[in-house]
Amino acid sequence: MYAARLVGLPIFDPQGDQVGKVRDLVAAVRSESSQPRVLGMVAEVFGRRRIFVPMTRVTNVDAGQVYTTGLLNMRRFEQRSTETLVVGELFDKTVTITPSGITGTVYDIGMEQARNRDWVISRVAVQEPAKALRRRGQTHVAEWGEVEGLTRREPTQGATQLIHALNELRPADAATVIHDLPADRRAAVVAALSDERLADVLEELPEEDQVEILGQLAGERAADVLEEMDPDDAADLMAELPPETAERLLELMEPDEAEDVKRLMSYVEDTAGAMMTSEPVILGPDATVADALAHVRNPDLTPALAALVYVCRPPLETPTGRFLGVAHIQRLLREPPSTLVAGALDDSMESLRPEAQIGEVAAHLATYNLVAAPVVDENGHLIGAVTVDDLLDHMLPDNWRDRAVASSGSTRVVGDG
0 MYAARLVGLP IFDPQGDQVG KVRDLVAAVR SESSQPRVLG MVAEVFGRRR IFVPMTRVTN
60 VDAGQVYTTG LLNMRRFEQR STETLVVGEL FDKTVTITPS GITGTVYDIG MEQARNRDWV
120 ISRVAVQEPA KALRRRGQTH VAEWGEVEGL TRREPTQGAT QLIHALNELR PADAATVIHD
180 LPADRRAAVV AALSDERLAD VLEELPEEDQ VEILGQLAGE RAADVLEEMD PDDAADLMAE
240 LPPETAERLL ELMEPDEAED VKRLMSYVED TAGAMMTSEP VILGPDATVA DALAHVRNPD
300 LTPALAALVY VCRPPLETPT GRFLGVAHIQ RLLREPPSTL VAGALDDSME SLRPEAQIGE
360 VAAHLATYNL VAAPVVDENG HLIGAVTVDD LLDHMLPDNW RDRAVASSGS TRVVGDG
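Residues in the sequence shown are numbered consecutively from 0, following numbering that gives the first Met the number 0.
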């Protein structure tokens, strides 16, 4: 079995209930001559807690699924000095295959079960640098004992293969992996991620990680990443920075992007204005149902943002012209595509004011069974929309992404209710 194929696989208990996902493998790498023993898996369980699952608890890996005995220790995983994260630390190492003298980087690690039933790392997949017009270098699979450089510490270790593995994950899952990387590896990953991907991941990280990572970026790149973030998330992050740093980054951002963030930062914390997004789906009254459906199909929209289309008089950028009403996606799906979206409006929905407190926002969404609601200023102009995920982000405790879901050190049978 190869590590890259195991990452992200669901973990099930004996009753068939999913209890987590594989995030990495833990091995005891002592030398390059003897095959390292695979000690277990790093698993992410509900609440984004990472725990250690010994290989003795793994009963089967079959058809893209991992099965366990069901008895797992819920203590948060803490890496020991004698342990190596296979994906987090071995991928992208520069190594040499001794029989052939070929040098390349590690892009995968294979493991197998020995006669004594222990799992050991047996093979190393290596990719040579690209040559001439080739986009990718030639690949080789060598026995562990034939590879040199795996135990050497590299101050400039790259991140190409780890980035490839992270790009297969959802932003929230990628954020969990990055959060637990050693500092040097995290820095290499951050440097190699595209601005758009880094923005997606930053939105899912705890605030202290966001501030730390943004502080490591050059000013121009930090501004570019902030521009790729949702304005409300960028505003929340800016609020955590020293005022002089936030001001400098706002000056480096594109004026239109900076203006959106400044406007959101001007609202009092935990109000509708502070938690709203300034970029909902906004159309004019002359747009058709087909136009509206085309906009909500955008895969970059969250389900909550895609649930409503906000219809306004021009201009259609927030703050818009006069707000006319919303069109629910369920209603749009029942209308002929050529119908004007203005004919499918729900103009009876009450709007939120930007100064509405968090409790008012929660009561409003609950009362009308909504996943999103418009925020309108005193002149009847749409200035944004609050979604249920925005609300939860502000209602949950600080650093909820990094909080435990069970008391530290507890052991229980997962999946038993």
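Every residue gets a Cβ at the ideal spot worked out from N, C-alpha and C, and that includes glycine.
Excluding the 5 residues preceding and the 5 following GLU206 in the sequence, name in chain order all residues of the same chain whose CB lies nearer than 6 Å to its CB.
Non-local beta-carbon contacts of GLU206 in its own chain, meaning distances under 6 Å to residues more than five positions away in sequence, involve GLU239 in chain order.
Decide if GLY63 is buried, meaning its Cβ has at least 16 other Cβ atoms within 10 Å, or exposed.
exposed
Give the list of continuous alpha helix (DSSP H) stretches no shorter than 4 residues that lie fully inside the segment 86-142.
Every candidate alpha helix (DSSP H) stretch fails here, since none sits fully inside the segment 86-142 while reaching 4 residues.
Opposite LYS20 in the DSSP bridges: which residues?
PRO9 and GLU43
Could you check where the alpha helix (DSSP H) with VAL363 kicks off and where it finishes?
It is His, not Val, that sits at residue 363 in the sequence shown. Segment 357-366, the alpha helix (DSSP H) holding HIS363.
Please state if the CB of VAL260 and the CB of THR280 are separated by a distance shorter than 8 Å.
Note that residue 280 corresponds to Val in the displayed sequence, not to Thr. Contact: no.
Can you tell me the Cα-Cα spacing of PRO313 and LEU323, whole angstroms?
11 Å
Close-in-space but distant-in-sequence residues of the same chain around VAL21 (CB under 7 Å, 5 per side omitted)
LEU5, VAL6, GLY7, LEU8, ILE10, MET40, ALA42 and VAL65
Between which residues of its own chain and HIS294 is the CB-CB distance below 6 Å, once the five residues before and five after are set aside?
VAL280
Apart from the five residues just before and just after ASP376, which ones in its own chain have a Cβ nearer than 6 Å to its Cβ?
Around ASP376: ILE382.
So THR270 packs on ASP231, CB below 8 Å; how close in whole Å?
The pair is not a contact, with the Cβ atoms about 12 Å apart (cut-off 8 Å).
Closest to GLY283 by CA distance: which of LEU344, GLN209, ARG75 and ALA124 is it?
LEU344
Determine the closest residue to ILE50 out of LEU71, VAL60, THR159 and THR67, with distance taken between C-alpha atoms.
LEU71
Can you give me the C-alpha to C-alpha distance between LEU161 and HIS363, rounded to a whole angstrom?
43 Å
If I'm right that ASP23 touches VAL123 with Cβ under 8 Å, what's the distance once you round it to whole angstroms?
Their Cβ separation, rounded to whole angstroms, is 17 Å, which puts ASP23 and VAL123 out of contact at 8 Å.
Quick one, are the C-beta atoms of ALA158 and ALA198 less than 8 Å apart?
Contact: no.
How is GLY214 classed by DSSP in three states: helix, strand or coil?
helix
Coil, strand or helix - ARG262 by DSSP:
Looking at ARG262 - three-state DSSP - the assignment turns out to be helix.
For ALA355 and ARG74, what's the separation of their Cα atoms in angstroms?
40 Å
Under the three-state reduction of DSSP, which class applies to ARG151: helix, strand or coil?
It is coil, neither helix nor strand.
Local Cβ density within 10 Å of PRO128, reported as buried at 16 or more and exposed below that:
exposed
Where ASP255 sits in the DSSP three-state scheme:
The three-state secondary structure of ASP255, taken from DSSP, is helix.
ALA141 vs ILE108 beta-carbon contact at 8 Å
no
Taking C-beta to C-beta, are PRO181 and VAL200 nearer than 8 Å?
no
Take the Cβ of LEU391 as the centre, count every other Cβ of all protein chains shown within 10 Å, and call the residue buried at 16 or more, exposed below.
LEU391 should be labelled exposed.
Measure from the alpha carbon of PHE76 to the alpha carbon of each residue in PRO98, THR67, PRO318 and LEU38, then state which is nearest.
LEU38
Sequence-distant residues of the same chain with beta carbon closer than 6 Å to GLY272, five excluded per side
Here GLY272 has TYR266 and PRO353 as same chain residues with Cβ atoms under 6 Å from its own Cβ, once five neighbours each way along the sequence are excluded.
Please go through the same chain and pick out, in chain order, the residues whose beta-carbon is closer than 7 Å to the beta-carbon of ALA303, but skip the five residues on each side of it.
VAL370, ALA371, THR386, VAL387 and ASP388
For LEU236, count the other beta carbons within 10 Å of its own beta carbon; 16 or more makes it buried, fewer makes it exposed. Which is it?
Result: buried.
Endpoints, alpha helix (DSSP H) assigned at THR81:
No alpha helix (DSSP H) holds THR81; DSSP gives it neither H nor E.
Nearest by alpha-carbon distance to VAL310: which of GLY358, THR301, ARG262 and GLY379 is it?
Ranked by Cα distance from VAL310, the first of GLY358, THR301, ARG262 and GLY379 is GLY379.
From the DSSP output, in three-state form, read off ALA287 for me.
It is Thr, not Ala, that sits at residue 287 in the sequence shown. Note: THR287 maps to strand in three-state DSSP.
Quick check on the burial criterion: 16 or more other C-beta atoms within 10 angstroms. Buried or exposed for GLU167?
exposed
With H, G and I counted as helix, E and B as strand and the rest as coil, what does DSSP make of GLN64?
strand
Three-state secondary structure (DSSP) of ARG321:
strand
Same chain only: Cβ atoms within 7 Å of GLY136, ignoring 5 sequence neighbours per side:
GLY103, GLN126, GLU127, PRO128, ALA129 and LYS130
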